[in-house]
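*Asks:* First the structure, which I've put down as structure tokens, then a few questions once you've had a look.
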Amino acid sequence: MALATVAASSSIALAEKAKIGVSIPAATHGWTGGLNYHTKRTVDALRKAYPDLEFVITTADSATKQVNDIEDLVAVQKINALVVLPFESDPLTEPVKEAKKQGVFVTTVDRGLSEEGIEDLYVGGNNPEYGRIAAEYFKTKLKGKGKVVVMRGIPTAIDNIRIDAFKKALDGTGVQVLDMQYANWNPDKGFEVMQDYLQRFPQIDGVWAGDDDAALGAIEAISQAGRDKGMIVLGGSGMNKVFKRIMDGDKLIDADIFYPPTLIIPAIGATAMKFATGAPVSGRWVLGSPLITKENAEQYYFPESPY
Amino acid sequence: MSDTIAVPNKLPATSGRYRISDHLTSFGPLIALAALLLIGGLINESFLSSANISNVLTRSALIGIIAIGTTFVITAGGLDLSVGAMSALVAGLMIMFMNAVAPTLGTGWVTVLAGILFALLLGTMAGLVNGVLITRWRIEAFIVTLGTMGIFRSLLTYLSNGGAISLESGLRSTARPIYYGTLFGIAYPIIALAILAIVGEFVLWRTRFGRHCAAIGSNAAVAKYSAINVSRVRIATYILQGLCVAVATLIYVPRLGAATPSTGVLWELEAIAAVIIGGTVLSGGYGRIWGTIVGVLILGLIQNILNLTSWFSPHLNGSIQGAIIILAVLMQKGRAAR
Numbered sequence: 004m005a006l007a008t009v010a011a012s013s014s015i016a017l018a019e020k021a022k023i024g025v026s027i028p029a030a031t032h033g034w035t036g037g038l039n040y041h042t043k044r045t046v047d048a049l050r051k052a053y054p055d056l057e058f059v060i061t062t063a064d065s066a067t068k069q070v071n072d073i074e075d076l077v078a079v080q081k082i083n084a085l086v087v088l089p090f091e092s093d094p095l096t097e098p099v100k101e102a103k104k105q106g107v108f109v110t111t112v113d114r115g116l117s118e119e120g121i122e123d124l125y126v127g128g129n130n131p132e133y134g135r136i137a138a139e140y141f142k143t144k145l146k147g148k149g150k151v152v153v154m155r156g157i158p159t160a161i162d163n164i165r166i167d168a169f170k171k172a173l174d175g176t177g178v179q180v181l182d183m184q185y186a187n188w189n190p191d192k193g194f195e196v197m198q199d200y201l202q203r204f205p206q207i208d209g210v211w212a213g214d215d216d217a218a219l220g221a222i223e224a225i226s227q228a229g230r231d232k233g234m235i236v237l238g239g240s241g242m243n244k245v246f247k248r249i250m251d252g253d254k255l256i257d258a259d260i261f262y263p264p265t266l267i268i269p270a271i272g273a274t275a276m277k278f279a280t281g282a283p284v285s286g287r288w289v290l291g292s293p294l295i296t297k298e299n300a301e302q303y304y305f306p307e308s309p310y
Numbered sequence: 252m253s254d255t256i257a258v259p260n261k262l263p264a265t266s267g268r269y270r271i272s273d274h275l276t277s278f279g280p281l282i283a284l285a286a287l288l289l290i291g292g293l294i295n296e297s298f299l300s301s302a303n304i305s306n307v308l309t310r311s312a313l314i315g316i317i318a319i320g321t322t323f324v325i326t327a328g329g330l331d332l333s334v335g336a337m338s339a340l341v342a343g344l345m346i347m348f349m350n351a352v353a354p355t356l357g358t359g360w361v362t363v364l365a366g367i368l369f370a371l372l373l374g375t376m377a378g379l380v381n382g383v384l385i386t387r388w389r390i391e392a393f394i395v396t397l398g399t400m401g402i403f404r405s406l407l408t409y410l411s412n413g414g415a416i417s418l419e420s421g422l423r424s425t426a427r428p429i430y431y432g433t434l435f436g437i438a439y440p441i442i443a444l445a446i447l448a449i450v451g452e453f454v455l456w457r458t459r460f461g462r463h464c465a466a467i468g469s470n471a472a473v474a475k476y477s478a479i480n481v482s483r484v485r486i487a488t489y490i491l492q493g494l495c496v497a498v499a500t501l502i503y504v505p506r507l508g509a510a511t512p513s514t515g516v517l518w519e520l521e522a523i524a525a526v527i528i529g530g531t532v533l534s535g536g537y538g539r540i541w542g543t544i545v546g547v548l549i550l551g552l553i554q555n556i557l558n559l560t561s562w563f564s565p566h567l568n569g570s571i572q573g574a575i576i577i578l579a580v581l582m583q584k585g586r587a588a589r
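Sequence order for the protein chains is A and B. Throughout the first sequence, residue numbering follows the numbering used here, covering 4 to 310 in sequence. Throughout the second sequence, residue numbering follows the numbering used here, covering 252 to 589 in sequence.
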């Protein structure tokens, strides 16, 4: 009976009532946790503002699950628009292309698809800039020379883009990268990798943790080893706890790179506006990845978020 | 006549050969551990420093304590895939509980002790649920704990809203010594691991409960006819596992003061790997705690050595770990298989 109701309402309402499907990765680490939180908030707010719009949220813990989600959104939920943050670009390209072929308006978020021209709208952070800003930070802070260790994220395309840009920006400078290991954007792994780095290298001037979760783990290891004098840690992606530390004038971590899970908000917002106003919406919206310091941290501080 | 001579001649020879292979199978993990220590020492001079060894031991204590419980479960022919998710959930609930009672009980040791008791209670309950579902409802242990693994982890993800559940900073500084504190220069987690390992080995080999575990694991039907209460012993192993998870968790929480959806991911596989590397039989019937501890140290040291070198691309770390796990088991099985 429930099925019949859904089918009936969607066939009657198709003309004026649009259905927007949102497909995002599950909350498996801090950043995606924040992403889920902001997705829910945004959809709740938009539901209130535009009662004619319908929203369906799905979360996936793997690319395979996400492909299934999107197939269901198109075939069963009969969505008019899809807002998708691909788990991985390559495996998601064909399924999203298929949705597009069925006449679905496509918005991609954060990481793009591996083929150009599929999406109508793209909203993302700037991954090459993320890596470059990190490199610039160490160049400035270490006055052009010093020894840096790097904690990479989860082995993914985004991580590669950031690391490549980081290495390229440091080429030919006196800032030396001692080693890179994966810490999976995870505090436990960040803690362990940092403990081992501290054993291995008598001199470390800077740590790029690539993510605030991993940075917090690294900081615990550094303070336990009593090596916090003269060392700087740079995290990234905008955890409120880290912003708080920056605002409080923490010596170890005095900056962060913005790569906010809030980028889902304009993505869903702009997609909803297209159907609410009927106006054509398309193009690319790239959010900056500015360096957050004590001077500007307050503008970005969002204590209610779980990340 | 030749027969009578041949028999006594053969017997000592046979038993002698048995002994050699027994020792080889028995000490395989120790040889692997020694090899790793040697390699580590050659690779990096700070590897054998007390600070590094202390770090690795302290970290390994988390999985080690869980794996002591796992040894009992596996020896009794069971399996528990839920321990990683369980420790994440226990950590989350323990932190929420301490944060909640802090306004009334203060941010001192009273609250921390209350949190510890609460964690132990949660661990017992979680183990009891697993054990009862497996024995009373007769569902395969693999399936039950696969199910509870999903339930525990998604409950934590729900409670944490997908982010982190953090301990209040006052409580954090009170509880911090549980992980970072030392007694005579030895970190508390290492001491806890050592005590639990000794107690565990004693229980497994010197008590009726331990013998019953092995009997059930080797043949549950025979054990039943020998008037062993199979269900009760099995449930007890899962409760013991839950308690071990709780102890590991109360050491884990003070380390970073937070639980996240990625807390304890794959700990169940690490614990099972450590138990098997250590010489406990996966199908049950024979277990040993000291082997498990060696297994945990092998796993911890591989990780540590890989972080201390740049020999391999970090992409390959998993394959090196995998190869050494297989090798360590091979070293103890090589002779026994023939």
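We treat Cβ as the ideally placed atom computed from N, Cα and C, and that holds for glycine.
Counting pairs of beta carbons, one from the region 288-302 of chain A and one from the region 115-132 of chain A, are three or more of them closer than 8 Å?
*Replies:* These segments touch.
*Asks:* Quick one: complete alpha helix (DSSP H) runs, 4+ long, within the region 136-208 of chain A?
*Replies:* 160-173, 190-203
*Asks:* What are the uninterrupted segments assigned as alpha helix (DSSP H) that are 4 or more residues long and contained completely in the region 254-298 of chain A, given in chain order?
*Replies:* 267-280
*Asks:* Per the DSSP calculation, A:Trp211 is bridged to which residue(s)?
*Replies:* A:Val153, A:Leu237
*Asks:* Using a C-beta to C-beta distance shorter than 8 Å, which residues of chain A count as neighbours of B:Gly414?
*Replies:* Ala30, Gly33, Gly36, Gly37, Tyr40, Ser308, Pro309, Tyr310
*Asks:* For the region 217-228 of chain A, which residues have a CB atom closer than 9 Å to at least one CB atom of chain B, in sequence order?
*Replies:* Leu219, Gly220, Glu223, Ala224, Gln227, Ala228
*Asks:* Determine the DSSP secondary structure at A:Phe108, reduced to helix, strand or coil.
*Replies:* strand
*Asks:* Going by alpha carbons, who is nearest to A:Ala52 out of A:Phe305, A:Met276, A:Ser285?
*Replies:* With distances taken between Cα atoms, A:Ala52 lies closest to A:Met276.
*Asks:* Give the secondary structure of B:Thr433 by DSSP, where H, G and I count as helix, E and B as strand, and everything else as coil.
*Replies:* strand
*Asks:* Below 8 Å, can you find three or more Cβ-Cβ pairs linking the region 278-287 of chain B to the region 445-462 of chain B?
*Replies:* no
*Asks:* Under 8 Å between the Cβ atoms of A:Ala258 and A:Ile207?
*Replies:* no
*Asks:* Is the distance from the Cβ of B:Leu379 to the Cβ of B:Ile490 below 8 Å?
*Replies:* yes
*Asks:* Where does the unbroken alpha helix (DSSP H) through A:Pro28 begin, and where does it stop?
*Replies:* Where A:Pro28 is concerned, there is no enclosing alpha helix (DSSP H), although the beta strand (DSSP E) it sits in stretches over 22-28.
*Asks:* Mind checking whether the beta-carbon of B:Ala336 lies closer than 7 Å to any heavy atom of the ligand NAD?
*Replies:* Ligands are entirely absent from the displayed structure, and the ligand NAD is therefore not among its contents.
*Asks:* Using Cβ-Cβ distances below 8 Å, what residues of the region 397-409 of chain B are close to chain A?
*Replies:* Flagged, chain order: Thr408.
*Asks:* So, using beta-carbon positions, are B:Leu410 and B:Ala353 closer together than 8 Å?
*Replies:* For B:Leu410 and B:Ala353, no; Cβs fall outside 8 Å.
*Asks:* With a threshold of 8 Å between beta carbons, is B:Tyr537 in contact with chain E?
*Replies:* Of the chains in the structure shown, none is chain E; the protein chains are A and B.
*Asks:* Could you work out which residues of chain A lie near B:Leu567, taking near to mean beta carbons separated by less than 7 Å?
*Replies:* The contacting residues do not exist; B:Leu567 stays about 11 Å from chain A at best.
*Asks:* Check whether the Cβ atoms of A:Lys297 and A:Met250 sit closer than 8 Å, and answer yes or no.
*Replies:* yes
*Asks:* Mind pulling the beta strand (DSSP E) runs of 3 or more residues that sit fully within the region 297-366 of chain B?
*Replies:* none
*Asks:* Can you give the Cα-Cα distance for A:Gly134 and A:Ala168, rounded to whole angstroms?
*Replies:* 5 Å
*Asks:* Step through the CB atoms of chain A and report whether any lies within less than 8 Å of the CB of B:Asn381.
*Replies:* No, no contact with chain A.
*Asks:* Verify the CB distance criterion: does B:Ser297 have a CB-CB separation below 8 Å to chain A?
*Replies:* yes
*Asks:* Below 8 Å between beta carbons is the criterion; list the residues of the region 294-322 of chain B that meet it against any residue of chain A, in chain order.
*Replies:* Asn295, Ser297, Phe298, Ser300, Ala302, Asn303, Asn306, Arg310
*Asks:* For a cutoff of 8 Å on Cβ pairs, would you count B:Ser338 as touching chain A?
*Replies:* no
*Asks:* If B:Thr543 and B:Thr322 are in contact, beta carbons under 8 Å, what's the gap, nearest whole angstrom?
*Replies:* 5 Å
*Asks:* Distance, Cα to Cα, B:Val498 vs B:Arg389?
*Replies:* 28 Å
*Asks:* Can you give me, in chain order, the residues of the region 133-166 of chain A that have a beta carbon less than 9 Å from any beta carbon in chain B?
*Replies:* Arg155, Pro158
*Asks:* Since B:Thr326 and B:Thr531 should fall inside the 8 Å C-beta cutoff, what is the C-beta to C-beta distance between them, to a whole number of angstroms?
*Replies:* 6 Å
*Asks:* Spatial neighbours of B:Ala351 within its chain, please: CB distance less than 8 Å, with the 5 preceding and 5 following residues excluded, ordered by chain position.
*Replies:* none
*Asks:* Should A:Asp199 be flagged as near chain B, meaning a C-beta pair shorter than 8 Å?
*Replies:* yes
*Asks:* Is any beta-carbon of chain B found at less than 8 Å from that of A:Tyr304?
*Replies:* no
*Asks:* Would you list, in chain order, the members of the region 469-497 of chain B that have their beta-carbon closer than 7 Å to a beta-carbon of chain A?
*Replies:* Residues: none.
*Asks:* By the criterion of Cβ-Cβ separation under 7 Å, what are the contact partners of A:Thr183 in chain B?
*Replies:* The amino acid at residue 183 of chain A is misidentified as Thr; the sequence shows Met. Those are Pro565, listed as they occur along chain B.
*Asks:* For B:Gly461 and B:Val454, what's the separation of their Cα atoms in angstroms?
*Replies:* 6 Å
*Asks:* So that I know if they touch, is there some Cβ in chain A lying closer than 8 Å to that of B:Leu289?
*Replies:* no
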